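Quick notes on the structure that follows.
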Amino acid sequence: MSTPIVWIDCEMTGLDLSRDEIVEISVVVTDSDLNPVDEGIDIVIKPSADALESMNDFVREMHTNSGLINEWDAGVSITEAEKQVLAYLEPRVEKGKAPLGGNSVGTDKTFLEKQMPNLVNYLHYRIIDVSSIKELAKRWFPRVYFASPEKFGNHRALGDIYDSIDELRYYRATLFPEGDGPSTAAAQEVASQVAGRTQQLLSANAASAASAEADPAETVAATEADSANVATGTEADSAAADRDRE
1 MSTPIVWIDC EMTGLDLSRD EIVEISVVVT DSDLNPVDEG IDIVIKPSAD
51 ALESMNDFVR EMHTNSGLIN EWDAGVSITE AEKQVLAYLE PRVEKGKAPL
101 GGNSVGTDKT FLEKQMPNLV NYLHYRIIDV SSIKELAKRW FPRVYFASPE
151 KFGNHRALGD IYDSIDELRY YRATLFPEGD GPSTAAAQEV ASQVAGRTQQ
201 LLSANAASAA SAEADPAETV AATEADSANV ATGTEADSAA ADRDRE
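Position 153, counted from 1, in the sequence shown is what the UniProt record's numbering calls 153; the numbers after and before it change by one each time, with no gaps.
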(Lines of atoms letter the chains of each structure in order from A; the text may use other names.)
(Lines give C-alpha, C1' and ligand atoms only; values in the text may rest on other atoms or scores of the structure.)
Protein backbone atom coordinates (compact mmCIF):
# COMPACT_ATOMS: atom_id res chain seq x y z
CA MET A 1 0.00 0.00 0.00
CA SER A 2 1.51 3.33 -1.07
CA THR A 3 1.79 6.13 1.48
CA PRO A 4 -1.07 5.23 3.83
CA ILE A 5 -3.01 7.81 5.81
CA VAL A 6 -4.03 7.20 9.42
CA TRP A 7 -7.38 8.88 9.97
CA ILE A 8 -8.19 9.65 13.60
CA ASP A 9 -11.15 11.35 15.21
CA CYS A 10 -11.62 11.91 18.92
CA GLU A 11 -14.62 12.92 20.97
CA MET A 12 -13.79 14.85 24.12
CA THR A 13 -15.55 16.22 27.19
CA GLY A 14 -14.60 19.69 25.95
CA LEU A 15 -11.73 21.60 24.38
CA ASP A 16 -9.85 22.66 27.52
CA LEU A 17 -6.62 20.68 27.41
CA SER A 18 -5.97 21.24 31.11
CA ARG A 19 -9.15 19.51 32.30
CA ASP A 20 -11.00 17.77 29.44
CA GLU A 21 -10.44 14.19 28.31
CA ILE A 22 -10.77 11.98 25.26
CA VAL A 23 -13.89 9.81 25.63
CA GLU A 24 -13.89 8.12 22.22
CA ILE A 25 -11.26 7.48 19.57
CA SER A 26 -11.69 5.96 16.13
CA VAL A 27 -8.98 5.06 13.63
CA VAL A 28 -9.20 4.14 9.95
CA VAL A 29 -6.28 3.46 7.62
CA THR A 30 -6.60 4.30 3.93
CA ASP A 31 -4.22 4.08 1.01
CA SER A 32 -3.13 7.22 -0.83
CA ASP A 33 -6.28 7.07 -2.99
CA LEU A 34 -8.51 7.14 0.11
CA ASN A 35 -9.53 3.50 -0.09
CA PRO A 36 -9.97 2.10 3.46
CA VAL A 37 -8.09 -1.10 4.22
CA ASP A 38 -10.92 -2.15 6.56
CA GLU A 39 -13.74 -0.64 8.59
CA GLY A 40 -11.36 0.68 11.27
CA ILE A 41 -11.74 0.58 15.04
CA ASP A 42 -13.78 2.52 17.57
CA ILE A 43 -12.94 2.62 21.27
CA VAL A 44 -15.00 4.25 24.03
CA ILE A 45 -13.00 5.57 26.98
CA LYS A 46 -14.38 6.02 30.49
CA PRO A 47 -13.87 9.62 31.64
CA SER A 48 -12.85 10.62 35.13
CA ALA A 49 -15.30 12.11 37.58
CA ASP A 50 -13.54 15.48 37.30
CA ALA A 51 -13.91 15.53 33.51
CA LEU A 52 -17.60 14.71 33.79
CA GLU A 53 -18.09 17.41 36.39
CA SER A 54 -16.49 20.09 34.21
CA MET A 55 -18.37 19.17 31.02
CA ASN A 56 -20.61 22.03 29.90
CA ASP A 57 -24.27 21.69 28.90
CA PHE A 58 -23.62 21.98 25.16
CA VAL A 59 -21.13 19.10 25.12
CA ARG A 60 -23.28 17.01 27.46
CA GLU A 61 -26.29 17.43 25.17
CA MET A 62 -24.20 16.56 22.10
CA HIS A 63 -22.93 13.33 23.64
CA THR A 64 -26.41 12.52 24.93
CA ASN A 65 -27.98 12.94 21.50
CA SER A 66 -25.31 10.76 19.88
CA GLY A 67 -25.73 8.04 22.52
CA LEU A 68 -22.06 8.15 23.47
CA ILE A 69 -22.76 9.21 27.04
CA ASN A 70 -24.56 5.91 27.68
CA GLU A 71 -21.44 3.90 26.78
CA TRP A 72 -18.93 5.56 29.09
CA ASP A 73 -19.46 3.33 32.11
CA ALA A 74 -18.34 0.34 30.03
CA GLY A 75 -15.44 2.24 28.50
CA VAL A 76 -11.77 1.32 28.85
CA SER A 77 -8.97 3.38 30.37
CA ILE A 78 -7.02 5.84 28.24
CA THR A 79 -3.94 3.61 28.59
CA GLU A 80 -5.81 0.56 27.34
CA ALA A 81 -7.29 2.55 24.46
CA GLU A 82 -3.83 3.62 23.32
CA LYS A 83 -2.63 0.00 23.44
CA GLN A 84 -5.56 -1.12 21.30
CA VAL A 85 -4.98 1.60 18.72
CA LEU A 86 -1.29 0.73 18.42
CA ALA A 87 -2.16 -2.96 18.12
CA TYR A 88 -4.47 -2.04 15.24
CA LEU A 89 -1.87 0.15 13.49
CA GLU A 90 1.29 -1.94 13.82
CA PRO A 91 0.39 -4.64 11.25
CA ARG A 92 -0.99 -2.04 8.84
CA VAL A 93 1.34 0.96 9.01
CA GLU A 94 5.10 1.25 9.40
CA LYS A 95 6.17 3.42 12.31
CA GLY A 96 6.92 7.03 11.42
CA LYS A 97 5.68 6.77 7.84
CA ALA A 98 1.96 7.61 7.76
CA PRO A 99 0.61 11.12 8.39
CA LEU A 100 -2.37 11.81 10.61
CA GLY A 101 -5.54 12.69 8.69
CA GLY A 102 -8.81 14.22 9.79
CA ASN A 103 -10.95 17.34 10.04
CA SER A 104 -9.55 20.15 12.22
CA VAL A 105 -7.25 17.37 13.30
CA GLY A 106 -4.83 19.72 15.03
CA THR A 107 -7.18 19.73 18.02
CA ASP A 108 -7.25 15.94 18.12
CA LYS A 109 -3.47 15.82 17.89
CA THR A 110 -3.08 18.25 20.79
CA PHE A 111 -5.15 15.99 23.04
CA LEU A 112 -3.39 12.87 21.75
CA GLU A 113 0.02 14.39 22.49
CA LYS A 114 -1.00 14.76 26.12
CA GLN A 115 -3.09 11.62 26.65
CA MET A 116 -1.74 9.16 24.03
CA PRO A 117 1.86 10.25 23.34
CA ASN A 118 2.98 6.80 22.16
CA LEU A 119 0.35 6.92 19.43
CA VAL A 120 1.52 10.33 18.23
CA ASN A 121 5.12 9.11 18.19
CA TYR A 122 4.09 6.20 15.99
CA LEU A 123 2.84 8.54 13.25
CA HIS A 124 4.64 10.86 10.85
CA TYR A 125 4.87 14.44 12.09
CA ARG A 126 2.92 15.82 9.11
CA ILE A 127 -0.86 15.99 9.04
CA ILE A 128 -3.54 16.03 6.34
CA ASP A 129 -6.25 18.39 7.52
CA VAL A 130 -9.37 18.38 5.35
CA SER A 131 -10.56 21.60 6.99
CA SER A 132 -7.59 23.45 5.45
CA ILE A 133 -8.74 22.46 1.95
CA LYS A 134 -12.28 23.41 2.94
CA GLU A 135 -11.14 26.90 3.94
CA LEU A 136 -9.28 27.35 0.64
CA ALA A 137 -12.34 26.22 -1.31
CA LYS A 138 -14.42 28.75 0.61
CA ARG A 139 -12.10 31.55 -0.54
CA TRP A 140 -11.24 30.46 -4.08
CA PHE A 141 -14.07 28.16 -5.21
CA PRO A 142 -17.16 29.02 -3.13
CA ARG A 143 -19.53 26.98 -5.30
CA VAL A 144 -17.50 23.89 -4.47
CA TYR A 145 -17.49 24.82 -0.80
CA PHE A 146 -21.26 25.30 -0.58
CA ALA A 147 -22.02 22.11 -2.52
CA SER A 148 -19.93 19.87 -0.26
CA PRO A 149 -21.43 16.47 0.59
CA GLU A 150 -23.85 15.81 3.42
CA LYS A 151 -22.40 14.47 6.66
CA PHE A 152 -23.73 11.53 8.63
CA GLY A 153 -21.25 11.18 11.52
CA ASN A 154 -23.57 12.56 14.21
CA HIS A 155 -20.62 13.41 16.46
CA ARG A 156 -19.51 9.81 16.78
CA ALA A 157 -15.82 9.35 16.05
CA LEU A 158 -15.98 6.58 13.45
CA GLY A 159 -18.80 8.19 11.50
CA ASP A 160 -16.96 11.51 11.54
CA ILE A 161 -13.90 9.83 10.04
CA TYR A 162 -15.96 8.34 7.23
CA ASP A 163 -17.36 11.82 6.57
CA SER A 164 -13.86 13.32 6.49
CA ILE A 165 -12.60 10.73 4.01
CA ASP A 166 -15.60 11.33 1.76
CA GLU A 167 -15.15 15.09 2.02
CA LEU A 168 -11.52 14.85 0.90
CA ARG A 169 -12.64 12.52 -1.89
CA TYR A 170 -15.07 15.27 -2.97
CA TYR A 171 -12.45 18.01 -2.93
CA ARG A 172 -10.06 15.82 -4.85
CA ALA A 173 -12.69 15.27 -7.56
CA THR A 174 -13.69 18.94 -7.80
CA LEU A 175 -10.46 20.85 -7.16
CA PHE A 176 -7.52 18.69 -8.17
CA PRO A 177 -6.52 17.78 -11.76
CA GLU A 178 -7.49 14.36 -13.01
CA GLY A 179 -4.86 11.74 -13.72
CA ASP A 180 -1.26 12.56 -12.89
CA GLY A 181 -1.75 16.33 -13.06
CA PRO A 182 0.48 18.72 -15.03
CA SER A 183 3.68 17.61 -16.69
CA THR A 184 6.98 18.11 -14.90
CA ALA A 185 7.88 20.92 -17.29
CA ALA A 186 4.57 22.70 -16.69
CA ALA A 187 4.93 22.33 -12.93
CA GLN A 188 8.48 23.68 -13.05
CA GLU A 189 7.33 26.68 -15.08
CA VAL A 190 4.70 27.57 -12.49
CA ALA A 191 7.24 27.04 -9.71
CA SER A 192 9.61 29.53 -11.34
CA GLN A 193 6.78 32.07 -11.60
CA VAL A 194 5.77 31.91 -7.94
CA ALA A 195 9.20 31.51 -6.34
CA GLY A 196 9.91 34.67 -4.34
CA ARG A 197 6.58 36.24 -5.35
CA THR A 198 5.56 37.12 -1.80
CA GLN A 199 8.80 38.99 -1.20
CA GLN A 200 8.36 40.82 -4.50
CA LEU A 201 4.87 41.94 -3.49
CA LEU A 202 6.11 43.14 -0.11
CA SER A 203 8.97 45.05 -1.73
CA ALA A 204 6.59 46.68 -4.20
CA ASN A 205 4.25 47.71 -1.38
CA ALA A 206 7.16 49.17 0.58
CA ALA A 207 8.36 51.10 -2.47
CA SER A 208 4.86 52.48 -3.06
CA ALA A 209 4.58 53.59 0.56
CA ALA A 210 8.00 55.25 0.40
CA SER A 211 7.02 57.08 -2.78
CA ALA A 212 3.87 58.41 -1.15
CA GLU A 213 5.86 59.70 1.82
CA ALA A 214 8.37 61.38 -0.50
CA ASP A 215 5.61 63.28 -2.37
CA PRO A 216 2.85 64.14 0.15
CA ALA A 217 1.26 66.61 -2.27
CA GLU A 218 0.52 63.77 -4.64
CA THR A 219 -1.04 61.80 -1.81
CA VAL A 220 -3.19 64.78 -0.78
CA ALA A 221 -4.30 65.30 -4.37
CA ALA A 222 -5.27 61.65 -4.67
CA THR A 223 -7.21 61.85 -1.41
CA GLU A 224 -9.04 64.99 -2.55
CA ALA A 225 -9.89 63.32 -5.85
CA ASP A 226 -11.28 60.32 -4.01
CA SER A 227 -13.37 62.60 -1.78
CA ALA A 228 -14.71 64.45 -4.82
CA ASN A 229 -15.68 61.18 -6.44
CA VAL A 230 -17.48 60.08 -3.29
CA ALA A 231 -19.32 63.41 -3.07
CA THR A 232 -20.35 63.25 -6.71
CA GLY A 233 -21.58 59.71 -6.24
CA THR A 234 -23.56 60.73 -3.15
CA GLU A 235 -25.20 63.64 -5.00
CA ALA A 236 -26.13 61.34 -7.86
CA ASP A 237 -27.61 58.81 -5.45
CA SER A 238 -29.67 61.55 -3.77
CA ALA A 239 -30.97 62.80 -7.11
CA ALA A 240 -31.94 59.28 -8.11
CA ALA A 241 -33.73 58.78 -4.81
CA ASP A 242 -35.67 62.04 -5.34
CA ARG A 243 -36.75 60.88 -8.79
CA ASP A 244 -37.91 57.58 -7.34
CA ARG A 245 -40.03 59.37 -4.76
CA GLU A 246 -41.61 61.51 -7.48
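A virtual CB, placed ideally from N, CA and C, is assigned to each residue, including glycine.
Nothing here was measured: the structure is a model prediction, and the numbers come from that model.
query = Going by beta carbon distance, what residues of the same chain come within less than 7 Å of Val-120, once the five residues before and after it are set aside?
reply = Lys-109, Leu-112, Glu-113
query = Three or more C-beta pairs closer than 8 Å, one from the segment 35-54 and one from the segment 13-26: is that the case here?
reply = yes
ask   = Taking buried to mean at least 16 other C-beta atoms within 10 Å of its own C-beta, is Leu-201 buried or exposed?
value = exposed
For Thr-3, the first and last residue of its enclosing alpha helix (DSSP H) = Per DSSP, Thr-3 belongs to no alpha helix (DSSP H) and is neither H nor E.
inquiry  = Tell me which residues share the same chain as Ile-133 and place their Cβ nearer than 6 Å to its Cβ, disregarding the 5 neighbours each side in the sequence.
reply    = Tyr-171
message = Helix, strand or coil, according to DSSP, for Glu-150 in the structure here?
response = coil
task = Ignore the nearest five residues each way along the sequence and tell me which others in Ser-164's own chain have a CB closer than 6 Å to its CB.
result = Gly-102, Asn-103, Val-130
key: Counted within 10 angstroms of its Cβ, other Cβ atoms place Val-59 as buried (16 or more) or exposed   = buried
request  = Give the straight-line distance between the Cα atoms of Asp-31 and Gln-199, rounded to the nearest whole angstrom.
outcome  = 37 Å
key: Where Pro-47 falls: helix, strand or coil (DSSP)   = coil
inquiry  = I need the boundaries of the alpha helix (DSSP H) containing Ile-69, first residue and last residue.
reply    = Element bounds for Ile-69: n/a, residue is neither H nor E.
ask   = Hey, Tyr-145 and Leu-86: beta-carbon distance below 8 Å or not?
value = no
message = For Leu-52 and Glu-82, what's the separation of their Cα atoms in angstroms?
response = 21 Å
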